[in-house]
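A.B. asks: First to last, the sequence lines map onto chains E and Y. If you're matching positions, the first sequence starts at 1099 in the working numbering and goes up one per residue. If you're matching positions, the second sequence starts at 367 in the working numbering and goes up one per residue. Note that CB positions come from ideal geometry on N, CA and C, so glycine has one too.
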Amino acid sequence: MLSDFEAAELISFLTPEARPDVKGHTTSYILGLSGNRDGCRFLRTKPDIITALFALTSDPSIAIAKDCYFTLINLSADETLHQVLLTDIKVLQVMMKKVLDPEFVFSDQICSILSNLTRHLKTCKIMFEVLQEDVGVAKLVEIFCAESFNKKAKFHHLGPLLSNLTQLPEARSFMMDKDRCVIQRLFSYTQYQASVVRRGGVVGTLRNCCFDHAHHEWLLSDDVDILPFLMLPLAGPEELTEKENEGLPVDLQYLPEDKKREEDPDIRKMLLETLLLLTATKAGREILEKKSVYPIMREFHKWETDVHVTAACEKLVEVLIGDEPEPGMENLLEVDIPEEVEEKLTKADAREQEELEKEQERMKQEEEEEKKKRSDTEGSEKEQEAGLIR
Amino acid sequence: MAAPQDDSDDGMDEFMEKFKTTTYKNAFSKDNWEEEFDKIPMFMKKAPEEIDSQSYPELACLQAMIHDEDAPPEEQAANLKDEGNEFFKEKNYKKAILSYTAGLNKKCGDQNINTVLLTNRAAAHFHLGNMRSALNDAAAAKKIKPDHLKALIRGAQSCIELRSFAEGVQWCDEGLKVHPTDKKLQELRARADKHKRAAERDARKAKIREKKLHGEKEALLAAITDRGIKLFQTSKPRHRESDGEEESSSAALSQLSLDCLSSQEATGARVFLDEQHILHWPVLFLYPEHQQTDFISAFCENDCFVNHLALMFGEELPPWDTDRKYHPQNLQLYFEDEVKDTLYQVKPETLLLKVLQHKRFFVKAGSPSFIVVVKGSPFWEQFSTGKKIRGL
């Protein structure tokens, strides 16, 4: 790695007054450094460089500003960098506010950085407070849901940002504020074709919110009606009988024959987990049963090939068709599990996990052998944006 | 009483004195005091339709003050707004609209007044059922003052009434940006969204039904053409022969042929394909001798004529058969080839399908028809003159 002297030299090249070509080469070089873990860790020891980078995001040269933003994205993807990135909160505050400018060209990059910085609980808390004060989560949701707020930015990474924020109960409270209309605006994005990042972020947000079972009845009520939006990505083109159709929620009835299911298995799994969470209360179970979601799950189960997702589906179906638990056990999330039973269950879970992984390995190997038989000449390039997605 | 002084209430004491001596004239009379009462502007319960200075002098006076052309436009507009509001309270929406419009036409610079005039006019239109006008006025108000809550609510309501649900949701979202906790906006949004999704479902359902029907139509047509049965073209073909070959695809053809299948019978009976893929036809029996017809709504293609004749003539002869000669064993069946002026005789034991497949048989208007005559009757001699007779 660089010596202290070399590092000091670099810093001198990063001043706004430095020659543009020198600045450009330096930022390029640092971007390269940030592309791997060692480089990141090195930069962590040089907070002055990081400060300089923040300053250069306002550089008149778009190329230099861009390099700086991308470097910051890479740095923020590494958790060990969060402490140093947050040392000067004011800098972040200035950056956050830029997102509100409909003409700003680097809004998407800022969203990626914010998303990364909210991944882990400690920094998430700090970020949430700052965001609420300076921008307001309401405004973020508004921008996220506005079709054309900014011509140069898509704001898809606000999805994972919101998802990360909802780790915090304060954020969840805000999202599910009954006196406002916040979470409802996100629902239609569970099927947003154009961006898996946005979709995944929204589903993650909904899943986190469903951990608060006190809100389940409200979420499932007709006024809010979260259920169809969780089910639609799992529903397919298979024709159901007229009777089955009429029993479904309106949005799931008479789906056309070109209906596609969610293609990302992780998102499918998250949706199933969310549905499973909603079965925790008796009221929730009753509503899910009354809305006849079972035919959808039945067809889904026939279609699904990923072992992990199938397992999640089976768990849900078990609850849907199973009997009501005995009194005192109605809220599955609040039941007291005696220690030995807990141990046994944990061990059983671990074993199941192992088996699933073995199954997956086996399937992977089979796939690879298949691939070798066919010629595969495509190489794939890794994207520079390494934003972590929950 | 105090001694009268020179500078005291001039004439007041004198006036008071009069009460002692003169009887009060111009009092309300017992008979019409209510009428009179209602004429006094202050005590009027509602405004009269027409205000002329003869019957309502005081009102005419007030009106003149309201519509004072010399007052500044803002004042005139405000007065007209109040006038409109009064009409609105009386549910006289048409008059209210006139007042508001007059107020707007003053084009006063006060945007607050203009916003209220537009919003109130929107409300009046809404109550009259003029949803499009209500929406336009609400939109105009919103343009002046984007955060005007009443305009936003009215706009959303109008959209819902116009069944423009997506637009309604948009109005609510715009409103909620500025008034995030407003209950009415939230309620309207939920309602508009619900209707929107129901309408989407209805569209999907209709599409699927249409597709199913179309599929059934195609299957029916395929069954008919597979059997080699020909449909007679009664109307000009819709697709031009000279068009590209793509047009002669089954789509265009089937459209054309399906038109020919529509039966002109009042019963609306139509050929159909049953679950065992058997065709059932609506069939006409014609009795030219007596200008009568019989209609069989579903003649199975694998059935023969004998059975139907036995059913229709076996037990009882029809009332129009005055000579009592239409016994099943005496009857003969023919179909006519008009183009070649030929009658083809159909033996009663023949299956319908066989006849339909005859190379000179054309199904007209979706209903095969057959002529029924009595063997060797005088009518038959006459009818068959000049025509060629053939067997199948």
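#1: Tell me whether N1306 of chain E, by its Cβ, gets closer than 7 angstroms to a heavy atom of the ligand MG.
#2: What's the gap between the Cα of E611 of chain Y and the Cα of A522 of chain Y?
#3: With DSSP as the reference, identify every bridge partner of Y700 of chain Y, one or two as the case may be.
#4: Would you list, in chain order, the members of the segment 536-565 of chain Y that have their beta-carbon closer than 7 angstroms to a beta-carbon of chain E?
#5: Whole angstroms are fine: how far does the CA of A565 of chain Y sit from the CA of E667 of chain Y?
#6: What separation, rounded to the nearest whole angstrom, lies between the Cα atoms of V729 of chain Y and I590 of chain Y?
#7: Look at N1047 of chain E and C1222 of chain E and say whether their C-beta atoms are less than 8 angstroms apart.
#8: Taking a cut of 7 angstroms between CB atoms, which residues from the segment 1272-1291 of chain E lie near chain Y?
#9: Mind checking if V1197 of chain E is an interface residue toward chain Y, Cβ cutoff 8 angstroms exclusive?
#10: Just curious, the beta strand (DSSP E) that V649 of chain Y is in, first and last residue?
#11: Within the 8 angstroms Cβ cut-off, does I526 of chain Y reach chain E?
#12: Cβ of L1325 of chain E within 8 angstroms of Cβ of Q1289 of chain E?
#13: DSSP state of D660 of chain Y, grouped into three classes?
#14: Anything in the segment 568-584 of chain Y with a Cβ closer than 8 angstroms to a Cβ of chain E? List those residues in chain order, please.
#15: Say whether the segment 1308-1319 of chain E touches the segment 1340-1356 of chain E, bearing in mind that this needs 3 or more beta-carbon pairs closer than 8 angstroms, one atom from each stretch.
#16: Note down, in chain order, every chain Y residue with its Cβ under 7 angstroms from the Cβ of A1236 of chain E.
#17: Would L683 of chain Y and V738 of chain Y qualify as a contact pair, given that the criterion is a beta-carbon distance under 8 angstroms?
#18: Is there a C-beta anywhere in chain Y that falls below 8 angstroms from the one on Y1392 of chain E?
#19: Hey, is the segment 1230-1250 of chain E in contact with the segment 1181-1197 of chain E, meaning 3+ C-beta pairs nearer than 8 angstroms?
#20: Taking 8 angstroms as the CB-CB limit, is K1470 of chain E close to chain Y?
#21: Counting contacts by CB-CB distance shorter than 8 angstroms, is Y1167 of chain E in contact with chain Y?
#22: Might you give, ordered along the chain, the residues of its own chain that have their beta carbon closer than 7 angstroms to the beta carbon of G1133 of chain E, omitting 5 neighbours on each side?
#23: Determine, using beta carbons only, whether A500 of chain Y and L484 of chain Y come nearer to each other than 8 angstroms.
#24: At a Cβ threshold of 8 angstroms, is L1369 of chain E touching chain Y?
#25: Going by alpha carbons, who is nearest to N1343 of chain E out of E:R1270, E:P1393, E:L1443, E:E1412?
#26: Return no unless some Cβ of chain Y is closer than 8 angstroms to the Cβ of V1348 of chain E.
#27: Tell me, to the nearest whole angstrom, how far the beta carbon of L1328 of chain E is from that of T1372 of chain E; I am working on the premise that it is less than 8 angstroms.
#28: Any Cβ of chain Y within less than 8 angstroms of the Cβ of I1109 of chain E?
#29: Using a C-beta to C-beta distance shorter than 7 angstroms, which residues of chain Y count as neighbours of D1321 of chain E?
#30: Closest by CA to T1377 of chain E, which one among E:V1391, E:R1366, E:K1400, E:E1464?
#31: Taking one C-beta from the segment 716-731 of chain Y and one from the segment 742-749 of chain Y each time, how about it: are there three or more such pairs within less than 8 angstroms?
#32: Tell me, please, whether the CB atom of P1354 of chain E is closer than 8 angstroms to any CB atom in chain Y?
#33: Taking only beta-carbon positions, decide if S1473 of chain E is within less than 8 angstroms of chain Y.
#34: Quick one: which unbroken beta strand (DSSP E) runs of 3-plus residues sit fully inside the segment 1118-1190 of chain E? Chain order, please.
#35: Tell me whether the beta-carbon of E1384 of chain E lies closer than 8 angstroms to the beta-carbon of L1418 of chain E.
#36: Looking only at its own chain, which residues have a Cβ that is under 7 angstroms from the Cβ of L1454 of chain E, when we skip the five neighbours before and after it?
C.D. replies: In short:
#1: The ligand MG is absent from the structure shown, which contains no ligand whatsoever.
#2: Reliability fails at E611 of chain Y, whose pLDDT of 44 lies under 50, so the model's placement of it is uncertain and the value that follows must be treated cautiously. Going by C-alpha positions, E611 of chain Y is about 51 angstroms away from A522 of chain Y.
#3: Y:Q711, Y:I737
#4: L542, K543, P546, T547, Q552, R555, A556, R563, A564
#5: 43 angstroms
#6: 11 angstroms
#7: Nothing can be reported for residue 1047 of chain E, as the shown portion of chain E is limited to 1099 through 1488.
#8: Here the close residues are D1277, R1278, C1279.
#9: no
#10: 645-653
#11: False, the Cβ-Cβ gap to chain E never drops below 8 angstroms.
#12: no
#13: strand
#14: R570, K571, K573, I574
#15: Not touching, per the Cβ criterion.
#16: The CB of A1236 of chain E comes closer than 7 angstroms to the CB of P546 in chain Y, given here in chain order.
#17: No, Cβ-Cβ distance for L683 of chain Y and V738 of chain Y is not below 8 angstroms.
#18: no
#19: yes
#20: no
#21: no
#22: N1172
#23: no
#24: no
#25: E:P1393
#26: yes
#27: 6 angstroms
#28: no
#29: A556
#30: E:V1391
#31: no
#32: yes
#33: Note that S1473 of chain E has pLDDT 48, beneath the 50 cutoff, so the model's placement of it is unreliable and the number below is only indicative. No, no contact with chain Y.
#34: The qualifying runs do not exist here; there are none.
#35: no
#36: Correct list, in chain order: V1405, H1406, A1409.
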